[in-house]
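Numbering follows the UniProt record's numbering, in which position 98 of the sequence shown is assigned residue number 98; successive positions increment by one, without gaps. A virtual CB, placed ideally from N, CA and C, is assigned to each residue, including glycine. Down below is the structure, laid out as structure tokens.
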Amino acid sequence: MADNYVHFHSSPPINRLSYLRHSTVFLNIALTHPRALFTLFHTGRPLLTGGKAAHVPFDRISPLVGQAPYFGQGEKEGESAEKGKWTEACRFRDRGVPLVFLGVLEDEGAALLPSEEVKQIASHEEIKGVPYWAVDLSDVDESWVQGVEELKDGKWSEPRSATSTYSHFDGAVFAVARSVVDWNARNGFCPACGGEGFSLWGGWKLGCSSNLPWAKNKNPYKGGPCPSGKGLHNFAHPRTDGVIIVAVVRESPTGEGEDILLGRQKSWPKGMYSTLAGFLEPGESVEDAVRREILEESGIVVGYVRYHSSQPWPYPANLMMGCYARAEVPTSAASDTQNPRAGIRLDLDNELEDARWFTRAEIRSILGDPDGTIIRQAPPANGAVSESTVRTEEGMKVRVPPRTAIAGVLISEWAAGNMANM
Numbered sequence: 001m002a003d004n005y006v007h008f009h010s011s012p013p014i015n016r017l018s019y020l021r022h023s024t025v026f027l028n029i030a031l032t033h034p035r036a037l038f039t040l041f042h043t044g045r046p047l048l049t050g051g052k053a054a055h056v057p058f059d060r061i062s063p064l065v066g067q068a069p070y071f072g073q074g075e076k077e078g079e080s081a082e083k084g085k086w087t088e089a090c091r092f093r094d095r096g097v098p099l100v101f102l103g104v105l106e107d108e109g110a111a112l113l114p115s116e117e118v119k120q121i122a123s124h125e126e127i128k129g130v131p132y133w134a135v136d137l138s139d140v141d142e143s144w145v146q147g148v149e150e151l152k153d154g155k156w157s158e159p160r161s162a163t164s165t166y167s168h169f170d171g172a173v174f175a176v177a178r179s180v181v182d183w184n185a186r187n188g189f190c191p192a193c194g195g196e197g198f199s200l201w202g203g204w205k206l207g208c209s210s211n212l213p214w215a216k217n218k219n220p221y222k223g224g225p226c227p228s229g230k231g232l233h234n235f236a237h238p239r240t241d242g243v244i245i246v247a248v249v250r251e252s253p254t255g256e257g258e259d260i261l262l263g264r265q266k267s268w269p270k271g272m273y274s275t276l277a278g279f280l281e282p283g284e285s286v287e288d289a290v291r292r293e294i295l296e297e298s299g300i301v302v303g304y305v306r307y308h309s310s311q312p313w314p315y316p317a318n319l320m321m322g323c324y325a326r327a328e329v330p331t332s333a334a335s336d337t338q339n340p341r342a343g344i345r346l347d348l349d350n351e352l353e354d355a356r357w358f359t360r361a362e363i364r365s366i367l368g369d370p371d372g373t374i375i376r377q378a379p380p381a382n383g384a385v386s387e388s389t390v391r392t393e394e395g396m397k398v399r400v401p402p403r404t405a406i407a408g409v410l411i412s413e414w415a416a417g418n419m420a421n422m
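Next comes the structure, spelled out in structure tokens:
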């Protein structure tokens, strides 16, 4: 197990203040705070300025957020809602762009805001730090969007390539922002009754319009009230999907150390190989999912499973649980020293175009190549830079993911010999 391994996209130093998301008072003040910064998205693409993550002040987007109150909105625009379960920091889709409260980057020494004292907040000065927000501009008039693109050479960028220029801080903020913005965009209607949905808790909860005090149709579900009106429902909150991602290793049939199993999907860039991965299913432990997915994708049976670390992956909202696993290679495959695909079957779930075993020397050669990973934040730690000789049958140079992805970490840690107890 890794000792507190901190991945890219993880551990933003902002305080999410989840216990204040229901506070209309707090959110309205945090939104208009003079130090507040906003991460902008358009159809899932973040805004870059000067090639880096853009965070714009409130006055740049204020024409789009609608009329105050911005949270705790009443039946009519400009009215405040009476306090109630379904009006806690409520915000409606026809009253301005979707907003998501991400948290506060607190000033050094700032005290936590207790929920009771927040009720008495009357000024921006009482929030000691920088409130961070995400804004979805997907449905905004194109002329305004073009205006944003002109801001400091602004550009809406494909998210995976955009994050290659991000600092760790920006990558972590992006992961939260994009995942929750995407969830709000996908969930415009109540999953229980089909009624129109609205935002609660600064973008962190979905409400059904039939539960509002002024709703005209209080019985939209089979002649009765919407089931979302009572109890706790997972569809009312942003989802995170669990994914196992696994570096499978075996004793090399040549007797020279270990090999690692990597595969590729047809849709990937040519020559790209990575560790195998798959979604957890209901009723599965991480270990169960590892064994099932590896068998289904490659035909390889694994025994021992060891957890390494996890990484948020905002495409759209996954939690990648990284593991190492030991392959139980059949005798027939173990004796085949010339075939890098010995014991592998791709005809079970047909997800992979190819899978094969790579030696540690091959992986080190790939990692030592300047083009060995698709994106590289820094040169290899050992300073080795040389062209890899590892090729596909078609002559394509083999590449693996960078260390900004957990797959790249699992591969490079194994190649460096840091997983000796597998």
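Cβ-Cβ distance between E297 and L276 below 8 Å: yes
Contact the stretch 29 to 38 vs the stretch 141 to 158: 3+ CB pairs below 8 Å: no
Residue from Q67, E88, G109 whose Cα sits closest to the Cα of D94: Q67
G48 versus R21, S167, K85, L262, residue with shortest Cα-Cα distance: Here the sequence assigns Leu to residue 48, which means Gly is not the residue at that position. Cα-wise, what sits closest to L48 is S167.
Between the CA atoms of V305 and R376 - distance to the nearest angstrom: Because the pLDDT of R376 is 41, which lies under 50, any placement of that residue in the model is unreliable, and the number read from its coordinates should be weighed accordingly. One C-alpha to the other measures close to 29 Å.
Contact set for N382: own chain, Cβ-Cβ below 7 Å, skip 5 residues either direction: Because N382 carries a pLDDT of 47, less than 50, the predicted location of this residue cannot be relied on, and the following value inherits that uncertainty. Nothing meets the Cβ criterion.
Rounded C-alpha distance that separates L10 from S310: As written in the sequence, residue 10 is Ser, which differs from the Leu given in the question. Going from the Cα of S10 to the Cα of S310 covers about 9 Å.
A215 in three-state terms, based on DSSP: coil
Among V409, P63, T24, the one whose alpha carbon lies nearest that of M320: V409
Among R399, A325, R45, nearest to T163 - alpha-carbon criterion: R45
Host beta strand (DSSP E) of I245 (start-end): 241 to 251
Sequence-distant residues of its chain with Cβ nearer than 7 Å to K205 (five each side left out): A236, H237
Proximity to G255 [Cα-Cα], best of S80, L17, P63, R360: R360
Coil, strand or helix - Q73 by DSSP: strand
Terminal residues of the beta strand (DSSP E) in which R341 lies: No beta strand (DSSP E) contains R341, which DSSP labels as neither H nor E.
Rounded separation between C323 and V246 - CA only: 5 Å
Exposed unless 16 or more other CB atoms sit within 10 angstroms - verdict on A177: buried
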